[in-house]
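Student: Encoded as structure tokens, here's the structure I'll be asking about.
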Amino acid sequence: MNNVKRRAFLAGIASLALLATACGDDESSSDTTQAPTTAGSDSSDAPTSSAGSETTAMPMDLAGELNASGATFPKTFYEEAMAEFMSIYPDVTINYAGGGSGKGKQDLADQVVDWAGTDSTIKDEDLPGFKGGDVLYFPTVVAPITVSYNLDIEGLQLTPDTIAKIFLRQITNWNDPEIAAENPDVTLPDQAIVVAHRSDGSGTTKNFTTFLDRAAGPDASGIWTLGAGDTVEWPADTQAGEGNGGVAQIITSTVGAIGYVDLSDATDAGLNMALVQNSSGNYVGPTVEGASAAAGGAEINDNLTYSAIWADGADAYPITAQTWIIVYKVQPDAEKGMLIKAFLEYVLTDGQDLAGSVSFAPLPAELQQMAIDQLDQLEIG
Amino acid sequence: MSVTTTSHTPTLQERLRGKGGHADRSFRGVVYVSGFVVLAVLALIALTMFDKSRAALSHMGLDFFTSKRWNPPGEQYGVLSYIWGTVYTSVIALVLAVPVSLGIAIYITQVAPNWLRKVMTYVIDLLAVVPSVVFGLWGILVFAPHVLGFYKWLSRTFDGWPVLGNIFGPNPQGRTFFTAGIILAIMIIPIIVSISREVMETTPQTEKEAALGLGATKWEMITGAVLPHSRGGLVGAVMLGLGRAMGETIAVALVIGSATGQITLNALTSGNSMPAVITAEWGEADTLKKSALIAMAMTLFVMTIVVNMTATAVVNRSQKRMGVR
Numbered sequence: 252m253n254n255v256k257r258r259a260f261l262a263g264i265a266s267l268a269l270l271a272t273a274c275g276d277d278e279s280s281s282d283t284t285q286a287p288t289t290a291g292s293d294s295s296d297a298p299t300s301s302a303g304s305e306t307t308a309m310p311m312d313l314a315g316e317l318n319a320s321g322a323t324f325p326k327t328f329y330e331e332a333m334a335e336f337m338s339i340y341p342d343v344t345i346n347y348a349g350g351g352s353g354k355g356k357q358d359l360a361d362q363v364v365d366w367a368g369t370d371s372t373i374k375d376e377d378l379p380g381f382k383g384g385d386v387l388y389f390p391t392v393v394a395p396i397t398v399s400y401n402l403d404i405e406g407l408q409l410t411p412d413t414i415a416k417i418f419l420r421q422i423t424n425w426n427d428p429e430i431a432a433e434n435p436d437v438t439l440p441d442q443a444i445v446v447a448h449r450s451d452g453s454g455t456t457k458n459f460t461t462f463l464d465r466a467a468g469p470d471a472s473g474i475w476t477l478g479a480g481d482t483v484e485w486p487a488d489t490q491a492g493e494g495n496g497g498v499a500q501i502i503t504s505t506v507g508a509i510g511y512v513d514l515s516d517a518t519d520a521g522l523n524m525a526l527v528q529n530s531s532g533n534y535v536g537p538t539v540e541g542a543s544a545a546a547g548g549a550e551i552n553d554n555l556t557y558s559a560i561w562a563d564g565a566d567a568y569p570i571t572a573q574t575w576i577i578v579y580k581v582q583p584d585a586e587k588g589m590l591i592k593a594f595l596e597y598v599l600t601d602g603q604d605l606a607g608s609v610s611f612a613p614l615p616a617e618l619q620q621m622a623i624d625q626l627d628q629l630e631i632g
Numbered sequence: 183m184s185v186t187t188t189s190h191t192p193t194l195q196e197r198l199r200g201k202g203g204h205a206d207r208s209f210r211g212v213v214y215v216s217g218f219v220v221l222a223v224l225a226l227i228a229l230t231m232f233d234k235s236r237a238a239l240s241h242m243g244l245d246f247f248t249s250k251r252w253n254p255p256g257e258q259y260g261v262l263s264y265i266w267g268t269v270y271t272s273v274i275a276l277v278l279a280v281p282v283s284l285g286i287a288i289y290i291t292q293v294a295p296n297w298l299r300k301v302m303t304y305v306i307d308l309l310a311v312v313p314s315v316v317f318g319l320w321g322i323l324v325f326a327p328h329v330l331g332f333y334k335w336l337s338r339t340f341d342g343w344p345v346l347g348n349i350f351g352p353n354p355q356g357r358t359f360f361t362a363g364i365i366l367a368i369m370i371i372p373i374i375v376s377i378s379r380e381v382m383e384t385t386p387q388t389e390k391e392a393a394l395g396l397g398a399t400k401w402e403m404i405t406g407a408v409l410p411h412s413r414g415g416l417v418g419a420v421m422l423g424l425g426r427a428m429g430e431t432i433a434v435a436l437v438i439g440s441a442t443g444q445i446t447l448n449a450l451t452s453g454n455s456m457p458a459v460i461t462a463e464w465g466e467a468d469t470l471k472k473s474a475l476i477a478m479a480m481t482l483f484v485m486t487i488v489v490n491m492t493a494t495a496v497v498n499r500s501q502k503r504m505g506v507r
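Chains as they are written, first to last, in my numbering: chain X, 252 to 632; chain P, 183 to 507.
See the structure below:
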């Protein structure tokens with residue numbers, strides 16, 4: 252750690268010297284104005300000039316502040332990545348306010364944040380509202396959304412049709428023959444099912460209902476009729492909890508309850524999670540590997556948007572949610588632009604190793620490379 | 183009022199006008215502006231809300247107010263069930279809070295010994311400053327789980343009764359209209375108590391003593407002298423409580439159960455209210471839904487204005503009848 256910091260410091264001095272010569276004409280931020288004096292006083296020092304050769308290999312020393320808001324779903328991962336990034340670059344402050352994908356998109360459109368997190372893509376009709384021009388999508392991580400339940404049975408197997416019927420209250424008891432048929436080796440209790448869903452508008456709800464809509468909706472078996480959205484018209488005899496934690500709390504406290512919860516909250520609450528049948532007909536559990544496999548099987552658009560839900564692949568977990576960091580392609584403020592690029596690069600490279608520790612899945616290698624390549628499209632300064 | 187002076191010594195009014203004229207005028211100007219700012223802010227809020235809600239209102243037409251379907255995936259936004267939830271929880275809160283509050287106020291002002299009066303006033307004022315999220319969290323973590331048994335008992339006991347059987351219908355869970363109503367009642371009791379208390383304290387001592395002197399019991403003195411005297415103020419207190427109950431957001435959002443499309447007399451089932459929906463669904467909303475949520479806010483705004491105007495009218499009328507003013 253110490254070593255890293257010192258090398259970063261040396262590289263920093265070198266880069267300041269470079270900056271002093273390179274950006275002399277720019278309307279200067281505080282860093283560039285200070286650069287000439289720093290460089291001037293140190294110019295006779297041999298170590299400084301020799302360190303200059305390292306700048307190409309080392310990221311330059313970064314300073315400044317980035318503000319962001321948006322999706323709460325990846326917030327745990329971003330906080331982890333931000334903390335690590337800020338410990339490497341102590342002069343950098345990044346704030347991620349959460350507030351939902353909708354808020355993130357709105358804030359980026361209004362240019363009140365430097366980057367935003369979102370679980371959903373921007374609608375075409377909203378694009379003109381983005382004052383800073385073109386927006387780039389950087390996929391960051393994926394994560395499974397679990398179907399968790401409170402029963403003394405582990406690894407219950409459920410098909411999308413059964414899940415749809417349960418959440419529509421068409422199946423109301425755990426000993427229903429349809430559940431029994433999918434779980435021949437299990438004795439199911441005579442226990443009423445309590446359905447728990449989100450009370451707040453949520454990207455998790457959107458992804459879960461998108462799964463049901465694709466796997467059991469009008470184009471499939473036609474059982475799921477509520478469509479897909481951040482809130483849907485849940486039957487009235489269901490329960491609603493605030494946030495993933497609220498749903499997890501209902502499941503924990505109610506025997507026979509079932510609900511959809513993201514993997515990290517479900518793991519924290521120690522919930523039992525169902526194995527869900529994927530498009531290949533296999534029952535797959537909500538694991539980090541299953542989520543990466545789903546992202547690997549998804550069709551990626553040119554702008555790196557994609558949907559990992561109900562994606563192809565024998566090992567793909569079918570309810571896998573994707574999330575992006577969105578930024579403006581043109582970054583007029585050089586300092587901010589560098590900072591954004593460096594942070595994105597960190598999230599897409601070393602930051603990927605942090606994902607597993609907070610129950611998120613890293614991007615599959617191919618998608619990761621596409622995202623790293625896209626960094627070059629940023630127009631900084 | 184014209185001033186007629188016969189002597190050379192200027193009256194007080196003249197002296198004030200002469201010396202402070204300039205200061206007076208600028209003070210009046212400042213006060214005018216301050217007063218105008220309030221109106222301007224109100225007008226701008228109304229204007230902005232109207233402007234931003236246009237998209238949803240023109241998309242939905244009159245259905246926005248008459249439909250109970252709130253179905254974002256199908257871009258159907260009808261707020262009727264949330265209007266019902268707002269009104270119903272507020273009414274439950276009032277039914278529970280008003281008798282209790284009046285009882286407390288009467289006890290404090292007319293019955294309690296002096297030392298207890300001070301303690302009770304202090305404690306109730308303290309209740310008024312508890313942040314609403316605290317009530318909400320208490321409601322969701324403590325109250326809702328424990329009240330379930332009581333709800334089941336209620337719905338069993340009144341099963342088959344007219345009206346009460348409908349109000350205490352089948353109960354699936356602890357987060358219901360009734361729970362929200364109870365939490366709201368606890369929140370508005372301090373407001374109603376402190377205003378009622380102050381109003382009751384203004385009853386002239388002479389009237390109370392006259393009643394007692396005529397041989398009235400304490401109860402007769404309260405119903406005969408104190409309550410008629412304070413009627414306007416009491417209505418105002420209740421209406422303020424109602425305004426607070428209708429606008430309460432986070433506590434209700436946590437305990438009402440967040441079910442959509444619920445227009446039912448059954449107080450023991452889940453529903454939702456306008457402020458709760460706005461706060462819960464704003465974060466992920468897309469453009470049209472945001473517009474619908476703003477239109478909902480405007481509906482709430484209009485409803486609270488109507489409540490306040492009714493309150494003012496009632497207070498004025500009963501004050502006139504009492505010969506006050």
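Glycine is no exception: its CB is placed at the ideal position from the N, C-alpha and C atoms. Only a predicted model underlies this, so the values are computations on that prediction, with no experimental measurement involved.
Rounded to the nearest angstrom, what separates X:S668 and P:T469 at their Cα positions?
Tutor: One cannot answer for residue 668 of chain X here, as it falls past the ends of chain X, which runs 252 to 632.
Student: Have a look at X:F611, X:D604, X:K356, X:A394 and flag the residue whose alpha-carbon is nearest the alpha-carbon of X:G383.
Tutor: Along the first sequence, one-based indexing puts residue 383 of chain X at 132. For the residues X:F611, X:D604, X:K356, X:A394, the minimum Cα distance to X:G383 belongs to X:K356.
Student: Find out if the Cβ-Cβ distance for the pair P:I364, P:A279 is shorter than 7 Å.
Tutor: Position 182 of the second sequence, counting from 1, holds the residue named residue 364 of chain P. Position 97 of the second sequence, counting from 1, holds the residue named residue 279 of chain P. Not a contact, by the Cβ cut-off of 7 Å.
Student: For the alpha helix (DSSP H) that P:G415 lies in, which residues bound it at each end?
Tutor: Counted from its first residue, the second sequence places residue 415 of chain P at position 233. Here the alpha helix (DSSP H) through P:G415 covers 409-429.
Student: Taking X:V446 as the query, report the chain P residues whose CB atoms sit under 9 Å from its CB, ordered along the chain.
Tutor: Taking the first sequence and counting its residues from 1, the one referred to as residue 446 of chain X is at position 195. Those do not exist, as X:V446 stays about 10 Å from chain P at its closest Cβ, beyond 9 Å.
Student: Would you check if the stretch 391-405 of chain X and the stretch 342-351 of chain X touch, i.e. whether three or more CB-CB distances between them fall below 8 Å?
Tutor: Result no; under three Cβ-Cβ pairs closer than 8 Å.
Student: Could you tell me which chain X residues have their CB closer than 9 Å to the CB of P:P254, listed as they occur along the chain?
Tutor: Here the question's residue 254 of chain P lines up with position 72 in the second sequence. The contacting residues are G452, G478, G480, D481, T482, V483, E484.
Student: Tell me which residue opens and which closes the beta strand (DSSP E) that X:F389 is part of.
Tutor: By one-based count along the first sequence, residue 389 of chain X stands at place 138. Segment 386-400, the beta strand (DSSP E) holding X:F389.
Student: Got a sec? Which residues, its chain only, sit under 8 Å from X:W485 by beta carbon, not counting five neighbours each side?
Tutor: Here residue 485 of chain X refers to the residue found at position 234 of the first sequence. Within the same chain, X:W485 has close Cβ partners F418, V446, H448, L477, A491.
Student: With a Cβ-Cβ cutoff of 7 Å, do X:I577 and X:V363 count as a contact?
Tutor: Taking the first sequence and counting its residues from 1, one reaches residue 577 of chain X at position 326. Taking the first sequence and counting its residues from 1, one reaches residue 363 of chain X at position 112. No, Cβ-Cβ distance for X:I577 and X:V363 is not below 7 Å.
Student: Beta-carbon separation of P:P457 and P:G429 under 7 Å?
Tutor: For the purposes of this step, residue 457 of chain P is taken as the residue at position 275 of the second sequence. For the purposes of this step, residue 429 of chain P is taken as the residue at position 247 of the second sequence. Yes, these two residues count as a Cβ contact at 7 Å.
Student: Quick one: Cα of X:F611 to Cα of X:G541, how far?
Tutor: Looking up residue 611 of chain X in the first sequence gives position 360. Looking up residue 541 of chain X in the first sequence gives position 290. Cα to Cα, the separation comes out at about 11 Å.
Student: Could you name the residues of chain P that X:A415 contacts, counting a contact when the two beta carbons are closer than 8 Å?
Tutor: Start at 1 with the first residue of the first sequence, and residue 415 of chain X comes out as number 164. What X:A415 touches in chain P: nothing, since even the nearest Cβ is about 14 Å away.
Student: Is there at least one Cβ from chain X nearer than 7 Å to P:A238's Cβ?
Tutor: The residue given as residue 238 of chain P occupies position 56 in the second sequence. Chain X contact via Cβ: absent.
Student: Leaving out five residues before and five after X:V581 in sequence, what residues of the same chain have Cβ atoms less than 6 Å from its Cβ?
Tutor: Counting from 1 along the first sequence, the entry for residue 581 of chain X is found at position 330. Only G384, E630 meet the Cβ criterion.
Student: Distance check for X:I396 and X:A545, CA to CA, integer angstroms please.
Tutor: Against the first sequence, residue 545 of chain X aligns to sequence position 294. Against the first sequence, residue 396 of chain X aligns to sequence position 145. Using only the alpha carbons, I get a separation of about 12 Å.
Student: Comparing C-alpha positions only, which one of P:Y259, P:Y289, P:I374, P:T291 sits nearest to P:G425?
Tutor: Mapped onto the second sequence, residue 425 of chain P falls at position 243. Looking at the Cα atoms, P:I374 is the closest of the given residues.
Student: Give me the chain P residues within the contact set of X:E493, using Cβ-Cβ distance strictly less than 9 Å, ordered along the chain.
Tutor: On the first sequence, residue 493 of chain X is found 242 positions in, with the first residue counted as 1. What X:E493 touches in chain P: I322, A435, L436, S440, A462.
Student: Taking 6 Å as the cut-off, is the CB of X:G547 close to at least one heavy atom of the ligand FAD?
Tutor: In the structure on display, the ligand FAD does not appear, and there are no ligands present to speak of.
Student: Is P:I373 helix, strand or coil when you go by DSSP?
Tutor: Here residue 373 of chain P corresponds to residue number 191 of the second sequence, with the count starting at 1. Correct three-state label for P:I373: helix.
Student: Comparing C-alpha positions only, which one of X:G497, X:N529, X:V535, X:S530 sits nearest to X:A520?
Tutor: The residue you call residue 520 of chain X lines up with position 269 of the first sequence. Considering only alpha carbons, the answer is X:G497.
Student: Is there contact here, the stretch 319-332 of chain X with the stretch 599-611 of chain X, by at least three beta-carbon pairs under 8 Å?
Tutor: Touching, yes, given that three or more Cβ pairs across the two stretches are closer than 8 Å.
Student: Please identify, using Cβ separations under 7 Å, the residues of the stretch 348-361 of chain X that lie next to chain P, in order along the chain.
Tutor: Flagged, chain order: G350, G351, S352, G353, K354.
Student: Opposite X:E630 in the DSSP bridges: which residues?
Tutor: As a working mapping, residue 630 of chain X is identified with position 379 in the first sequence. DSSP output for X:E630 lists X:V581 as bridge partner(s).
Student: Check the Cβ-Cβ distances between P:T268 and every residue of chain X, and say whether any is below 7 Å.
Tutor: Mapped onto the second sequence, residue 268 of chain P falls at position 86. No, P:T268 lies away from the interface with chain X (no Cβ there is under 7 Å from its Cβ).
Student: Could you pull out every residue in the same chain whose Cβ sits closer than 6 Å to the Cβ of P:I508, ignoring the five residues on either side in sequence?
Tutor: Residue 508 of chain P is absent from the structure shown; chain P starts at 183 and stops at 507.
Student: Assign X:D601 to one of three DSSP states: helix, strand, or coil.
Tutor: As a position in the first sequence, residue 601 of chain X is number 350, starting the count at 1. In the structure shown, X:D601 sits in coil (DSSP, three-state: anything other than H, G, I, E or B).
Student: Answer yes or no: does any C-beta atom of chain X fall closer than 7 Å to that of P:M302?
Tutor: Stepping through the second sequence from its first residue, residue 302 of chain P is reached at position 120. So, not an interface residue.
Student: Would you mind telling me which residues of chain X sit closer than 8 Å to P:R251, beta carbon to beta carbon, in chain order?
Tutor: For the purposes of this step, residue 251 of chain P is taken as the residue at position 69 of the second sequence. In chain order: E484.
Student: Determine whether the Cβ of X:A467 lies closer than 7 Å to any Cβ atom of chain P.
Tutor: For this step, residue 467 of chain X is matched to residue 216 along the first sequence. No, no contact with chain P.
Student: Between the C-alpha atoms of P:A493 and P:S500, what's the straight-line distance to the nearest angstrom?
Tutor: The residue you call residue 493 of chain P lines up with position 311 of the second sequence. The residue you call residue 500 of chain P lines up with position 318 of the second sequence. Rounded to whole angstroms, P:A493 to P:S500 spans 11 Å at the Cα level.
Student: For P:G203, which residues in chain X fall below 9 Å Cβ to Cβ?
Tutor: As a first step, residue 203 of chain P is located in the second sequence; it is residue number 21 there, counting from the start. Residues of chain X passing the Cβ test: none, with the nearest at roughly 49 Å.
Student: By DSSP, does P:W343 sit in helix, in strand, or in coil?
Tutor: As a first step, residue 343 of chain P must be located in the second sequence, where it is residue number 161. Three-state result, P:W343: coil.
Student: Kindly indicate which residue of X:Y557, X:A585, X:S531, X:D553 has the alpha-carbon position closest to the one of X:A567.
Tutor: Within the first sequence, residue 567 of chain X is the residue found at index 316, counting from 1. Here the closest residue by C-alpha is X:S531.
Student: Is any beta-carbon of chain X found at less than 7 Å from that of P:G425?
Tutor: Here residue 425 of chain P refers to the residue found at position 243 when the second sequence is read from its first residue. For P:G425, the answer is no, since every Cβ of chain X falls outside 7 Å of its Cβ.
Student: Excluding the 5 residues preceding and the 5 following X:Q628 in the sequence, name in chain order all residues of the same chain whose CB lies nearer than 8 Å to its CB.
Tutor: Counting from 1 along the first sequence, the entry for residue 628 of chain X is found at position 377. So the qualifying residues of the chain are L387, K580.
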